[in-house]
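Residue numbers (my numbering): 147 to 271.
Ideal Cβ placement from N, Cα and C applies to all residues, glycine included.
Quick caveat: nothing in here was measured; it's all calculated off a predicted structure.
A quick write-up on the structure given underneath.
Below is the structure:
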């Protein structure tokens, strides 16, 4: 008899592997989220314009997420005509402008202060 306890008893091996993939992706996401402000500030201080950095970031995220959806769930790409105005407004105001204004704030403020303003913004709206 073995003295070892089976990790996650009753959970199939495939589910345990999937769980570890989830943990790994979670940690990767937390790490990249944590360094985002500092890396962005360094890029801006090197001379890149806030609008250009916003464009690169939003476009890069769009391409990666679009590729993921096309591969994994292509039927989810159906967008009804009535949804277009909301999606366009959300894309411009909710995504692009948020990124742009955060990068503009990084030009003038320390990273911590800019993040504090960004994260508390929903309270003030």
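For residue 264, the uninterrupted alpha helix (DSSP H) run begins and ends at 257-270, by DSSP.
Pairing residue 242 with residue 220, the inter-Cα distance amounts to about 24 Å. In this structure, residue 184 lies near residue 257, with their beta-carbon atoms less than 8 Å apart.
Relative to the Cα of residue 246, the nearest Cα in the group 227, 236, 196, 191 belongs to 196. Distance from the CA atom of residue 177 to the CA atom of residue 271, rounded to whole angstroms, is 28 Å.
Taking a cut-off of 8 Å for Cβ pairs, the stretch 192-208 and the stretch 248-257 touch, as three or more such pairs fall below it. With fewer than 16 other beta carbons inside 10 angstroms of its own, residue 228 counts as exposed.
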